[in-house]
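Just so you know, the sequences run in chain order A and B.
Take any residue in the first sequence, count from 1 to its spot, add 1411: that is its number in the numbering used here.
Take any residue in the second sequence, count from 1 to its spot, add 4: that is its number in the numbering used here.
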Amino acid sequence: MQKFTRVQSKALPLNRADIDTDQIIPAQYLKRIERTGFGQFAFESWRNDPDFVLNNPAYEGAQVLVTGPNFGCGSSREHAPWALEDLGLRAIIAPSFADIFRNNCAKIGLLTVELDQDACNYLVARAEENPAAEVVVDLEAQTVSTPDGSFVRTFEIDPFVKYMLLEGLDSIALTLLQDDEISAFENSRSSLYPKVTAS
Amino acid sequence: MGEGKTISEKIWDRHLVVQEEGKPDLLYIDLHLVHEVTSPQAFESLRLAGRKVRRPDLTLATVDHNVPTIDRDKPWTDPLSTQQVQTLRQNCEDFGVELFGVEDVRQGIVHIIGPEQGLTQPGMTIVCGDSHTSTHGAMGALAFGIGTSEVEHVLATQTLPQSRPKTMAVEVNGTLHEGVTAKDVILSIIHKIGVSGGVGHVIEYRGDVIRSLPMSGRMTICNMSIEAGARAGLVAPDETTFEYLEGRNFAPKGADWERALDEWRSLVTDDDATFDTTVTLEGGDIEPCVTWGTTPAQSVPVTGRVPDPSEAASPQAQELAERSLKYMDLQPGTAIEDIPLDRVFLGSCTNARIEDLRAAADIVRGHKVAGSVRAMVVPGSGLVKLQAEQEGLDTVFKDAGFEWRDAGCSMCLGMNPDTLAPGERCASTSNRNFEGRQGRGGRTHLVSPQMAAAAAVAGHFVDIRKWEKS
């Protein structure tokens, strides 16, 4: 997993509530068997609108998305975070996120930051007014700020998720260190649970 | 605060492999269901890391999301779908995972086949790379959707690190009126708590209405827990559950069955347990529902009208409603029963069980699909299809002018060739009415199987309570 420490970049403003993963990456593009290449299809139907923010070259290079509440609701497809990562995004700021989407992001090193609606509104307005305006997302300090220091907000994050992101750790490798505990659990597990095939 | 535990907490605690301060709990997973779309990258990563599937015997794969529902024996039109299905077959061979392939009568939508096979049992932890995994909660299991990285994690370790969820009780009291279904119950719940009302929670559905529902209805309700944002939804097991399970392929037999029953009967929420959140609905207030917008919370009774966005509760809700109406091409004030339809889809993990098909066939019998409508039935599994054919339901549907298809997710998400054309309007028994969900530019109205069947005949929505069966 890619480490996340600090990102300073333009912010992409997408101020809508309840953006679902079908919008982020439509189902017809989930047929690829690779993890990469999904960015070109991200928000596909909205991109038909020439005024859609992703069509504005002024936001090119933005690594931070600022968006509305309940971002990433719907399908569990990890293709959605993959698509956003493929667009070059490293962090998403919103008032709230859907659970599975947030988990999926954490697994690939894409940081989800919850800020209150007013703070998000401010960042959206600022980015809409001046696409070149940068924001700083600092995971160690748990802050989102403007480079001039006029805006600083702290955010909450699960300490373990923070640790994993800062170190870029492989969750599976960590769990495999607990192989003894898993085996012990299996040995004490009820024989009544079904098995798909004889083991 | 009581000392008691809710059922979801009991299941959670019984599956704790490791619990450490400052870390998510490590949960053991009893059943991992795998399908073609969210697994290829997980298997590939296992391969690259030289890892094995820890418990192939607790893993079952099937193909459902992008398989065609017609002419399966001929070459498939979509090379990418073909490749994805072949990749799953290869992965299952390489890693020793059982696969219900496209030629297998047991193939079907992953959330239909788990319960159907009796693999889904009370008290289990079940995961799948699909958000509608919550369906299995109807059996009293703790079941939730995961992403591909988590699929890989479960394949490699049979465990999953998870933060402990909050608990929510949704109580539906009283009784339902004739013509009101489990689908209307869950649409009403989502309407009440909103699409993010359940975020962070496991919902336990309780109350007389839930208790009186058959397993098919409980599955419909648990299925759509994710549409309220919940991590999972479940119903405590009872005699209805045990009756459903007894004799199924993977259900315990003989002395094991009796032992299992003893175990399962302890899976109830203690009287002195407390929930983080409680929501109550009166069954008698629930009417047949139709969604008018692009989130599952945007629904009204069939006797209602398309709402006026200017009357929305907040500026944000107003903006969302305006955007939804524009996408749906609907005017505020239009009577729901006046909305004409182009397509009807009877299918999906929400409503493609045999009970759903029977209920729809009862409405359709002796009628014809309206000339302006193209209607399709996609059974939830090969076995549901077979059962329906044995009961003659296929003839009822075909005589009325419905297409009778093979099992799969089909037009619920439009990954296979079953899609809406831009601008087409569909009454659908599925779970999501998001923009473009059933095909780019397609317009989806979520309804019960009975309402979908009646709409197919009438060519527009009708109040099922006034339907005269022939």
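Even glycine gets a Cβ: it sits at the ideal position worked out from N, Cα and C.
For A:N1466, the number of other beta carbons within 10 angstroms of its own is below 16, and it is reported as exposed. Residue contact with chain A for B:P44: present (Cβ-Cβ distance below 8 Å to some residue of chain A). Annotation for B:T282: the continuous beta strand (DSSP E) segment containing it runs 281-286.
Annotation: the continuous alpha helix (DSSP H) that includes B:S49 extends over 44-53. Taking the beta carbon of A:Y1533 as reference, no residue of chain B falls within 7 Å; the closest one sits roughly 16 Å away. When secondary structure is reduced to three states using DSSP, A:R1513 falls in the helix class. For B:P383, the closest of B:Q162, B:G288, B:A365 by C-alpha to C-alpha distance is B:A365. Of all C-beta pairs linking the stretch 194-203 of chain B to the stretch 1468-1484 of chain A, three or more are shorter than 8 Å, placing the two stretches in contact. Boundaries of the beta strand (DSSP E) around B:R447: 447-450. Rounded to whole angstroms, B:P292 and B:V373 show a C-alpha spacing of 21 Å. Contact between B:V381 and B:W408 holds: their C-beta atoms lie close to 6 Å from each other, under 8 Å.
Across the set B:F246, B:G54, B:G183, B:E107, the C-alpha of B:E107 shows the shortest separation from the C-alpha of B:D77. Boundaries around B:L350 are those of the beta strand (DSSP E), 347-350, since no alpha helix (DSSP H) includes it. Residue state for B:R429 is assigned as strand, using DSSP reduced to three classes. Between B:A236 and B:F349 a beta carbon distance of about 26 Å is seen, past the 8 Å cut, so the two are scored as non-contacting. In this structure, DSSP gives B:M128 a state outside helix and strand, which the three-state scheme calls coil.
CA-CA distance, B:L217 to B:A186, rounds to 8 Å.
The beta carbon of A:V1524 does not come within 8 Å of any beta carbon belonging to chain B, so the residue lies off that interface. Between the stretch 265-283 of chain B and the stretch 151-168 of chain B, the count of Cβ pairs shorter than 8 Å is below three; the stretches do not touch. Proximity of chain B to A:S1486 at the Cβ level (cut-off 7 Å) is accounted for by S135, in chain order.
Taking a C-beta distance under 8 Å as the contact criterion, B:M143 and B:T224 do not qualify as a contact pair.
As far as DSSP is concerned, A:G1450 takes part in no beta bridge. B:T423 counts as buried, since at least 16 other C-beta atoms from the protein chains shown sit within 10 angstroms of its C-beta.
DSSP places B:S229 in the helix class (H, G or I) of the three-state scheme.
Taking the CA atoms as reference points, B:D312 sits about 14 Å from B:T295. Listed in chain order, the positions of the stretch 419-444 of chain B with a beta carbon within less than 7 Å of a beta carbon of chain A are M419, R436, F438, E439, G440, R441, R444.
Considered as a whole, the stretch 1412-1438 of chain A harbours 1432-1435 as its complete alpha helix (DSSP H) runs of no fewer than 4 residues, in chain order.
With a 10 Å radius around the Cβ and a threshold of 16 neighbouring Cβ atoms, A:T1447 comes out exposed. Assignment of A:D1549 by DSSP, reduced to helix, strand and coil, places it in the strand class. Excluding the 5 residues flanking it on each side, B:Y248 has same chain C-beta neighbours closer than 6 Å at M219, in chain order. Excluding its 5 nearest sequence neighbours in each direction, B:G463 has C-beta neighbours in its own chain below 7 Å: P344, L345, A374, S376, V377, listed in chain order.
One finds F1571, S1582, L1585, T1586 in chain A with Cβ atoms closer than 9 Å to the Cβ of B:P165, taken in chain order. Against A:I1444, the close residues of chain B are P44, Q45, E48, Q87, Q88, T91, in the order they occur along the chain (beta-carbon pairs closer than 8 Å). The three-state reading of DSSP puts B:K170 in strand, counting E and B together.
At a beta-carbon threshold of 8 Å, none of the residues of chain A lie near B:M223; the nearest stands roughly 18 Å away. Judged by DSSP in its simplified three-state form, B:M380 adopts strand.
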